[in-house]
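Presented below is the structure to which this report refers.
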Amino acid sequence: MSRKVASLSETNQDVIKALHSAPKSLFKKLIIGSIILAMLIWSASAISFQGINSRGLDIVINILKFFVWPDSNPLKPTLSTYLFTFAKSGVLYLMYETIMIAFIGTLLGAVISIPFAFLSSRNITGKVGSFIGSMIITLIRTVPIFVWGIIFIRVQGGAFAGVLAIAVSSVGMISKLFIEAIEDIDKGILEALDSTGATTLQKIRFGVIPQLTATFLSTTIYRFEINVKNATILGMVGAGGIGFTLIDALGSFNFGIVAVCLWVIIPVVFVIEYFSTKIRTKLTTGE
Amino acid sequence: MKKFWTKVKSFLKETFSPSPLVLSDGSISVPPKPIMPYVLIGLVVVLYFAAQVTNFSLWVLITRFFNFQYGPISYIKRFFPVDWSYMPRVIDPILETIQMSFLGSFLGAAMALPAAFLASNNLTKNKFVLTSTRAVLSIFRSLPILIYAVFFKLIFGLGALPGTIAIAVFTFGIVAKMLFEKIETIDLGAYQAIQSTGASKVRSFITAIIPEILPSYYSMSLYAFEINIRYAAILGYVGAGGIGFDLDNAMKTINNNDRIIVIVLFIFITVVLIENLSRFLRRRLG
Numbered sequence: 001m002s003r004k005v006a007s008l009s010e011t012n013q014d015v016i017k018a019l020h021s022a023p024k025s026l027f028k029k030l031i032i033g034s035i036i037l038a039m040l041i042w043s044a045s046a047i048s049f050q051g052i053n054s055r056g057l058d059i060v061i062n063i064l065k066f067f068v069w070p071d072s073n074p075l076k077p078t079l080s081t082y083l084f085t086f087a088k089s090g091v092l093y094l095m096y097e098t099i100m101i102a103f104i105g106t107l108l109g110a111v112i113s114i115p116f117a118f119l120s121s122r123n124i125t126g127k128v129g130s131f132i133g134s135m136i137i138t139l140i141r142t143v144p145i146f147v148w149g150i151i152f153i154r155v156q157g158g159a160f161a162g163v164l165a166i167a168v169s170s171v172g173m174i175s176k177l178f179i180e181a182i183e184d185i186d187k188g189i190l191e192a193l194d195s196t197g198a199t200t201l202q203k204i205r206f207g208v209i210p211q212l213t214a215t216f217l218s219t220t221i222y223r224f225e226i227n228v229k230n231a232t233i234l235g236m237v238g239a240g241g242i243g244f245t246l247i248d249a250l251g252s253f254n255f256g257i258v259a260v261c262l263w264v265i266i267p268v269v270f271v272i273e274y275f276s277t278k279i280r281t282k283l284t285t286g287e
Numbered sequence: 288m289k290k291f292w293t294k295v296k297s298f299l300k301e302t303f304s305p306s307p308l309v310l311s312d313g314s315i316s317v318p319p320k321p322i323m324p325y326v327l328i329g330l331v332v333v334l335y336f337a338a339q340v341t342n343f344s345l346w347v348l349i350t351r352f353f354n355f356q357y358g359p360i361s362y363i364k365r366f367f368p369v370d371w372s373y374m375p376r377v378i379d380p381i382l383e384t385i386q387m388s389f390l391g392s393f394l395g396a397a398m399a400l401p402a403a404f405l406a407s408n409n410l411t412k413n414k415f416v417l418t419s420t421r422a423v424l425s426i427f428r429s430l431p432i433l434i435y436a437v438f439f440k441l442i443f444g445l446g447a448l449p450g451t452i453a454i455a456v457f458t459f460g461i462v463a464k465m466l467f468e469k470i471e472t473i474d475l476g477a478y479q480a481i482q483s484t485g486a487s488k489v490r491s492f493i494t495a496i497i498p499e500i501l502p503s504y505y506s507m508s509l510y511a512f513e514i515n516i517r518y519a520a521i522l523g524y525v526g527a528g529g530i531g532f533d534l535d536n537a538m539k540t541i542n543n544n545d546r547i548i549v550i551v552l553f554i555f556i557t558v559v560l561i562e563n564l565s566r567f568l569r570r571r572l573g
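Chains as they are written, first to last, in the working numbering: chain A, 1 to 287; chain B, 288 to 573.
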């Protein structure tokens with residue numbers, strides 16, 4: 001092989017030279033690889049595999065069977081009682097409720113985030129304000145959404161608690177992204193407005209708001225997309241939406257209902273994700 | 288009164304279809320039809336229905352929130368005094384949470400690489416393979432991680448295993464998506480050149496594409512690990528391992544309410560440490 005290469009033209013010689021002079025990173029790779037391997041072994045020690053549940057395979061087959069056709073059990077007519085109905089126990093109504101919880105929760109979260117984000121931006125309140133703000137944001141993002149749900153059930157159970165839980169848990173991410181947008185504001189535009197003699201209000205109207213709207217809108221839409229997914233599980237703690245029906249049906253082996261829920265959730269989430277991506281691309285790249 | 292109405296009328300007309308402007312040089316500029324007013328009206332209508340469905344009312348919120356006897360504050364009051372003696376018993380579940388999300392992220396990210404290859408439209412020309420891989424990926428992403436955890440718990444029984452698999456499935460979905468979007472933006476010159484020497488598609492993928500996407504792949508995997516820590520913290524609610532089980536217990540049992548702060552504090556510290564570590568590593572990669 002090497003003899004063959006040597007007989008080739010000089011350009012190839014240069015290529016070979018460049019290849020051999022590539023930085024030797026074998027040692028570094030070995031260290032990183034062994035750290036990852038050690039972490040993997042340590043992590044694997046947490047898992048005890050007791051073998052598949054005796055009914056495990058049965059459950060998988062059943063779920064797949066019902067997912068393809070939820071009415072597989074003639075004794076439990078699932079489609080007519082859960083899917084083709086707008087009753088309050090029907091899956092369609094529950095999904096509608098879920099989306100509405102996410103909608104109003106996201107809007108509320110975004111409204112709370114605006115003043116919060118301004119108060120914790122480095123270019124407005126300085127280092128101290130931004131540090132306190134970032135700690136609060138991390139705290140909000142850390143507290144699992146169920147905890148918010150359980151706390152707000154004290155206000156009113158059901159969908160209302162879901163709205164509040166979604167709102168508060170959204171404040172973390174939304175204001176984090178809002179802050180980034182605020183810290184990125186181009187000061188030149190404000191100076192230019194100053195030079196034309198604009199008042200403070202005019203400076204906000206024509207200098208600040210136009211710079212922030214696109215990011216604010218796309219952040220809020222993106223969070224809405226996440227919140228629809230979050231709202232589908234809030235029902236577990238009694239905070240409204242489709243979650244209670246879904247998790248309850250899974251736990252009690254009512255796979256027909258599970259399948260109907262999935263039939264509704266998956267396309268809805270998919271459609272929302274599709275339109276959200278479309279709108280956000282339009283917002284960031286301009287019309 | 289009449290004057291007021293004409294003002295309102297002209298305001299509405301200007302908002303929905305602004306009249307053309309005559310510029311100083313005599314040319315006429317027609318402003319684009321605004322969509323914002325329509326969007327706002329739509330939002331208000333949806334908001335009305337949303338408030339109706341969810342029984343949302345600011346009045347109830349304000350009055351009940353400040354109801355110190357039964358409201359949320361009365362619940363939060365029960366978190367105090369904090370039971371610090373519970374601290375040593377949090378460490379094991381926290382470590383389990385980290386282990387679950389590390390292993391889950393690793394497995395998911397490892398599976399994501401071949402899936403991303405099949406799902407990127409510049410490498411896979413077979414329409415059927417492309418669409419079906421993408422469909423599977425979007426199904427994996429569209430369900431919350433908790434539902435997978437319940438599902439795998441039914442199969443494998445209680446413990447960290449179902450949680451780990453649920454995290455792996457979710458990570459697989461998001462990392463594969465980010466990765467195929469990345470692959471679709473890269474220059475295929477090297478890939479085609481290697482293929483033209485007679486190398487197989489997989490071989491040229493490994494030689495030409497992987498080195499190019501590797502830094503972003505590592506960074507995506509780290510990002511997934513970072514967010515999975517927070518997801519792993521709730522999987523215990525359905526018995527799929529981790530700190531969530533203890534948190535659920537502390538929230539549901541009145542006598543254990545004083546443990547909540549300890550648990551949340553530990554999750555907080557873990558999340559902050561891992562986020563900062565991951566961000567440091569990702570900056571080095573970028």
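Quick reminder that beta carbons are idealized off the backbone N, C-alpha and C, glycines included.
On a predicted model such as this, the values are computed, not experimentally measured, just so you know.
- Around the Cβ of MET387/B, a 10 Å sphere holds 16 or more other Cβ atoms; the residue is buried.
- Here the alpha carbon of PHE457/B sits roughly 11 angstroms from the alpha carbon of LYS464/B.
- Beta-carbon to beta-carbon, VAL91/A and THR232/A are separated by about 11 angstroms, too far to satisfy the 8 angstroms threshold.
- At least 9 angstroms separates the beta-carbon of MET135/A from that of THR341/B.
- Assignment of VAL271/A by DSSP, reduced to helix, strand and coil, places it in the helix class.
- Looking at the backbone, the Cα of PHE298/B and that of PRO319/B are separated by about 17 angstroms.
- At a cut-off of 9 angstroms between beta-carbon atoms, MET288/B makes no contact with chain A.
- Restricting attention to ILE41/A, ILE59/A, MET39/A and LEU30/A, the CA atom closest to the CA of PHE253/A is found in ILE59/A.
- Annotation for VAL332/B: the continuous alpha helix (DSSP H) segment containing it runs 323-340.
- In the DSSP assignment, MET100/A falls within the alpha helix (DSSP H) that extends over 91-119.
- Checking the DSSP bridge columns, you'll see LEU308/B partnered with SER316/B.
- Secondary structure note for GLN482/B: its alpha helix (DSSP H) is the uninterrupted segment 476-483.
- If you look at TRP69/A, you'll find it isn't in any alpha helix (DSSP H); DSSP assigns it neither H nor E.
- Per DSSP, reduced to three states, the secondary structure at ILE521/B is helical.
- Among the residues facing chain A, ASN543/B is not included, as its CB has no counterpart in that chain under 9 angstroms away.
- In the DSSP annotation of this structure, the continuous segment of the alpha helix (DSSP H) that includes ARG376/B starts and ends at 375-406.
- Using a Cβ distance threshold of 9 angstroms, ALA259/A and PRO77/A do not count as a contacting pair.
- Counting only Cβ-Cβ distances below 7 angstroms, GLN386/B has contacts in chain A at TRP42, SER43 and ALA46, in chain order.
- Using a CB distance below 8 angstroms, the part of the region 527-542 of chain B facing chain A consists of GLY528, GLY531, LEU534, ASP535 and MET538, ordered along the chain.
- In chain order, ASN342, VAL347 and ARG351 make up the part of chain B whose C-beta sits under 8 angstroms from the C-beta of GLN156/A.
- In the pairwise beta carbon analysis, the region 221-241 of chain A is classified as not touching the region 401-418 of chain B: fewer than three pairs are separated by under 8 angstroms.
- Close to chain B, meaning a Cβ-Cβ distance shorter than 8 angstroms, are the following residues of the region 238-250 of chain A: GLY240, LEU246, ILE247 and LEU250.
- Under a criterion of Cβ atoms nearer than 8 angstroms, the residues of chain B adjacent to GLU97/A are, in order, VAL340 and THR341.
- Residue burial annotation: GLY391/B is buried, with at least 16 other C-beta atoms found within 10 angstroms of its C-beta.
- Note that the C-beta distance between LEU466/B and TYR504/B is below 9 angstroms.
- Per DSSP, the unbroken alpha helix (DSSP H) holding TYR435/B starts and ends at 432-443.
- In the assembly as shown, PHE84/A is an exposed residue. Its beta-carbon has fewer than 16 other beta-carbons within 10 Å.
- Between the alpha carbons of ALA455/B and MET507/B lies a distance of about 14 angstroms.
- Here PHE216/A really is in contact with PHE178/A; their C-beta atoms are around 6 angstroms apart, less than 8 angstroms.
- For the region 438-456 of chain B, the beta-carbon criterion of a distance under 8 angstroms to any beta-carbon of chain A is satisfied by PHE438, LEU441, ILE442, PHE443, GLY444, GLY446, ALA447, LEU448 and THR451.
- Interface annotation, GLY358/B: in contact with chain A, CB-CB separation under 9 angstroms.
- Under the three-state reduction of DSSP output, SER344/B falls in the coil class, being neither helix nor strand.
- When Cβ-Cβ separations below 9 angstroms define contact, ALA117/A makes no contact with chain B.
- For ALA214/A, the nearest beta carbon of chain B is not closer than 9 angstroms to its own beta carbon.
- Taking C-beta atoms as the reference points, GLY240/A and THR106/A fail to come closer than 9 angstroms.
- Assigned with DSSP and collapsed to three states, LYS28/A falls in helix.
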